[in-house]
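In full-length UniProt numbering, the protein residues as written are 1 to 1182.
Following: one structure in structure tokens, then a few remarks.
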Amino acid sequence: MFLKRLEVIGFKSFADRVGIDFVPGVTAVVGPNGSGKSNVTDAIRWVLGEQSAKSLRGAKMEDVIFAGSDSRKALNFAEVTLVLDNTDGKAPLDYSEISVTRRVFRSGESAYLLNKQPCRLKDITDLFMDSGLGKEAFSIISQGRVDEILNSKADERRSIFEEAAGVLKYKQRKRKAEFKLNETDENLNRVLDILHELDGRMEPLQMQASAARDYLDMSAQLKDADIALLAYDANALKAQLSELSQEALQHAAEEQRLAGEISETEQLIAASKRSVHALDKKIDTAQAALVEASSEAEKWEGRKLLMHEKKHNADRQRQALEESIKAEREETAKLEQRHAEQGASLEQQKMDQQKTRKSIQQLEAQLNLTPADIDNEIEAKKSLYIELMNEQAGLKNELKNIDFQQQQMTESSGRITAQQQSFEKELARLLKEKQQAEKAYEEIHADLDRKRQHFKEQETGAKQLAADYDHKKSLLFQAYQSHKQLSARIETLQDLEADYSGFFHGVREVLQARERNELNGIIGAVAELADVQKSYAKAIETAFGAASQHIVTSDEKSASEAIRFLRTKRAGRSTFLPMTIMKPRQISQQVVQSVSAHPSFVDIASQLVSYDDQYAMIFQNLLGNVLVAKELEGATSIAKAIGHRYRVVTLDGDVINAGGSMTGGATKNQASFFTRKAELEQLQQQATELQSTIEEAEQKVRELQSRAEIAKEQLEHLRTEGERYRELEAESAMHLREIEAVWKTTDSRFALFRAEQQNKQDLSGLASRREEAAGRMDAIASELAGLNNEIEELTGFKQQKETARGELLSKLAEFKSDMAVRKERIQQLTVQVDELLERRTASRNRLGELERELEWIQSEEAAKNFSDEEIESEIQRWSDARQSANDTVDASRKERHTLQQALDVEEQQLREQSRIHKGFTEAVRICEVKATRLEVQLQGLLGQLEDHYEMDLEAASRYPLEGEEAAVRKQVKLLKQSIEELGSVNIGAIEEYEHVAERHRFLSEQRDDLNEAKDTLRTLIAEMDEEMTLRFDETFHAIRSHFRHVFRELFGGGSADLVLTNPSDLLMTGVDIIAQPPGKKLQNLSLLSGGERALTAIALLFAILKVRPVPFCVLDEVEAALDESNVVRYSQYLKKFSEDTQFIVITHRKGTMEGADVLYGITMQESGISKLVSVKLQEDIK
């Protein structure tokens, strides 16, 4: 199996899709620093399941996604696909080629695919677990792994061999087993404690359970007998109730029948009244709709005319209106002229008519004949006769009404007298109750408003408290984070000081020997004894130079012993400052005074350092002749002023040396001893202040949390109180509406009552009215007889006179005919004149309307228009509505008249039914009173059954009496006495005893199981220790053998060995590396040169790969520290090793490149975007 292809897109600097094809042998990936070549290693590590963002040189997993550049936007996902050749079948999948894909999105989602099918991370780790590509394998080796070998202590270096031996999974299992063993011990102790407690409870519970069983037995007997007696008594009462019920049923049947009839009649009456009332409303509604529809139809007709006119443009409308106005004025003038002419003709006809009337009067006077008077008199007699007949009929109807009213008033007079006082009291009570309910409702409503306002205020306050709490909590969290960062930084700085980080090797060895009390008189390094403000730290560090690492000793003897110690240990060199012989160096006061006024002058360097007085000679010696200036320009000026006799340093670290040479420029951003010390003091002070701030913030947060909780409780209380008040308000409103409804009903009934009372007062008036009506009836009868005689006489007289006056009548007829013609002509002329007058008026009105329309058009040019279809639709709609409303009014009036007649008949029927029903109701009431007494007794017995035994009579009846009634009652009494003698009984003791006994049995089994589990875990741990020891021993010796061989090949000779620090304890022993390059003595790895150490570490890694072979191996700049000759050896060995293992090498060394089979170049032609170029070296050579 070997790595066939790697595809990357969106991963770190690979913004575009990049594919790298690998072949067996050595593939080198090269490129300048910062080109992204190491991202290839990270991509392979990531796709194989790496979960640590730190191992991928990031802070979080999102950092692996391309973050964008000056010319490219950031991507939202990263994807890496690894393709493996599996033709040898080493991977447990039946595929000749396996692809593994991993994706991550910026939203945090991720996905794994195996041969393009979704899978889990576990599936991938399981796939590579035994293939040599697992997490514990050495398939990816970076410079960090080499540094780990070089810099690790013996105990720490052991982990490398454990990984190679595959011991880590056993160690993890052992830790889990030990954890489970501890848990088992704790669980066993708890089980034993509980068993001890249960042992003390078993015996008392057993006694209580026995007493409880006796109690339950007697209670069961008592229950059966008591239930039987109660059922016996209840059934006897039910028999009596049944007999009484039969009697009541007969009366109730008649009552029910009549009640049904009354109900039906009342429903009919109510329905009729509702129908009449509904029809009245319907008529009113229809009439209103009729008026509205007529009005709207007229409006829309007018709007129609208006809109037709408005369809023309304003100029044409104006012109048309002006022409219309002109024509209308002409028409009006013509009509006025015709009206005057017709008026004159009418006056002439009236004069001629008057003359004809006088001729007729003369003829009638000659004949002394007034036929019109006779006819008029006859007609007057007939009219009077008809009027008297109508009056007679009206009087008959009035007499009937009076008789009916007298009968009604007589029947209701007794009822009115009895109900008057009751109505008045009821109305007064209801009015008072209504006023009280209104007052209560207003009070509750006002309280509810206050509660709502208070709730809103409290809610606002609670929200503000919650917001303050969240804000303070956020600030506190930020403070925690800041304190955590400060603490981490302080711890780091303290660790650096404790490890003497940054000191030369010899200085560190001496100071550590002092800690171990191996050397005496060592006071410390100069940097340890001085305190410098942060602003002066760089200048003082520069002024000290290497002297900051000089070691101060108490005397020369101590210095000599320290030097011998370094020589013996071959631990390097150091400079010592014996306090007994050190002399101060000073600048003359005259020089100081000459430069003190310079604006750039700060002070003498020794004055800017804080130290103990006993070390004054040391610091005067080192810094007494150094001046400090603010900046380089000022330092140059000061140096010139003093003739370049002394060194001048600036606050930025630039130096003007004595004699005039200058040193300066940029330095690596690395904290000096003094900067680190100043920073540590500053951070410690900040941490103290921040801790105080945190404590205050915690107190504030606790207070706010407490206040917020109190506010929340108050708010919840107010919410509950508000709900209660809302319910009270609803109940009060409902109660008020009920009272108002009852009050209105009672008041309506009282109004009817008052009307009836008024009718009673009018009863005496009805009698006198009847007498008057009867007398008038008699008088009318006499008058009718006289009128009939007079009409007959006048008719005979008229017939006699008509024969003698034929001629005069003929002439008179001619005059009358002429008179009729003239009258008709006058009428025609009158009609014409009136018509002309109406036309003239209409014409004038039209003229006014046209003039107003013209004004309106002129002022409202942009009036809103409606379409013809809309106007026609509205006109039709309102016309239909008008017709519908008119039809509804007519039909409803006819229907109401019919319903009113039926309602009168139904009310008479109801009165008769109510009288009969009352008698049957009283008979039923008497039966019900008797039945109620028996029912109360029965319910008492049934209540005892329900309360005591939770059963009904049907269930109780299944309990028969065991013997005579009296004997059973005696048995019940004896059982009750026996139960009382038992006293207090714990019924739960039975179940509790069973539960405790079961629990005791269960825990005993648990105890045995836990003891067995302990033995099993101890055996398992021992077996794992044995397995780990065996695996470590075998792997160590195999690696040791290969290491010796590989070392000789890489170094071209020499020898090396791996040594266990504690061979007797293979589970804890460390591993030391001993190497002897050609021409040198055998020595520890730490004493070799940097290149030798690196090559030794590489030899160890190759040895491990021989023991733990992998299908392919990624080497990321592991040869960086080697010189060229060693790189060549490394490359040659790599080439040899590649016959069995595929290597992917990340490098920038020429020797490694030359030994590669395929060379890929990573470049950044576009800023921030890695690109790939490739060449096959073997083909190029050919």
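In this text, a Cβ means the ideal position worked out from N, Cα and C, and glycines have one as well.
Note that the structure is predicted; figures quoted are calculated from it, not measured.
Inter-residue Cα distance where the pair is residue i and residue j
i, j, result
"Leu1088", "Phe1036", "23 Å"
"Lys456", "Lys432", "36 Å"
"Pro24", "Ser1138", "8 Å"
"residue 1219", "Leu651", "The structure shown does not extend to residue 1219, since the chain is modelled only from 1 through 1182, so no value can be given for it."
"Glu330", "Glu341", "17 Å"
"Met582", "Asn621", "7 Å"
"Leu608", "Ser574", "26 Å"
"Leu198", "Ala209", "16 Å"
"Arg213", "Gly940", "31 Å"
"Gly653", "Arg157", "41 Å"
"Lys894", "Asp887", "11 Å"
"Val628", "Ile1169", "47 Å"
"Glu907", "Ser275", "15 Å"
"Lys569", "Glu163", "33 Å"
"Thr81", "Glu1026", "41 Å"
"Leu1172", "Ser38", "13 Å"
Close Cβ partners of residue i (< 8 Å) along its chain, the five nearest in sequence each way excluded
i, result
"Leu84", "Met1, Phe2, Leu3, Lys4, Ala91, Glu97, Ile98, Ser99, Val100 and Pro1111"
"Asp1140", "Pro1109"
"Leu938", "Ala234, Leu237, Lys238 and Leu241"
Cutoff 7 Å; reference residue i; Cβ partners in own chain excluding five residues on either side
i, result
"Pro258", "Reading the sequence as shown, one finds Leu at residue 258 and not Pro. Cβ within range, chain order: Gln913, Ile916, His917 and Phe920."
"Glu1049", "Tyr1133"
"His483", "Ala687, Leu690, Gln691 and Ile694"
"Trp878", "Ala293, Glu296, Ala297 and Trp300"
"Ile140", "Thr41, Ile44, Arg45 and Val1114"
"Asp155", "Gly1070"
"Ala1156", "Val26, Thr27, Ala28, Val1145 and Leu1177"
Buried versus exposed, by CB contacts within 10 Å (16 or more), residue i
i, result
"Met207", "exposed"
"Thr1152", "buried"
"Arg702", "exposed"
"Ala228", "buried"
"His251", "buried"
"Asp904", "exposed"
"Asp94", "exposed"
"Ser272", "buried"
"Gln670", "In this prediction, Gln670 has a pLDDT of 49, which is less than 50 and means its spatial position is unreliable; what the coordinates show is noted afterwards. Per the 10 Å Cβ criterion, exposed."
"Leu6", "buried"
Three-way DSSP call (helix, strand, coil) for residue i in this model
i, result
"Ile587", "coil"
"Val1110", "coil"
"Ala546", "helix"
"Phe22", "coil"
"Thr87", "coil"
"Arg647", "strand"
"Gly49", "coil"
"Gly506", "helix"
"Ser875", "Per the sequence presented here, residue 875 reads as Ile, with Ser not at that position. Reduced to three states, the DSSP call for Ile875 is helix."
"Ile642", "coil"
"Asn657", "coil"
"Phe66", "coil"
"Gly775", "helix"
"Tyr1133", "helix"
Contact with chain D by residue i, beta-carbon distance below 8 Å
i, result
"Leu511", "Among the protein chains of the structure shown there is no chain D, as only one such chain exists."
Cβ-based neighbour list, residue i, same chain, cut-off 6 Å, excluding 5 preceding and 5 following
i, result
"residue 1218", "Outside the shown range of the chain, which is 1 to 1182, sits residue 1218, and nothing can be said about it."
"Ser978", "Met218"
"Ala881", "Ala293"
Notebook entry, point to check: Taking the runs of the alpha helix (DSSP H) that are 4 residues or longer, which of them lie wholly in the region 185 to 227?
Noted result: none
Checklist line | Start-end ranges of the alpha helix (DSSP H) lying completely within the UniProt domain "SMC hinge" (520 to 639), minimum 4 residues | finding: 526 to 529, 534 to 544, 556 to 569, 589 to 596 and 616 to 623
Checklist line | Runs of alpha helix (DSSP H) wholly within the region 935 to 1022 (minimum 4 residues, chain order) | finding: 953 to 956 and 965 to 982
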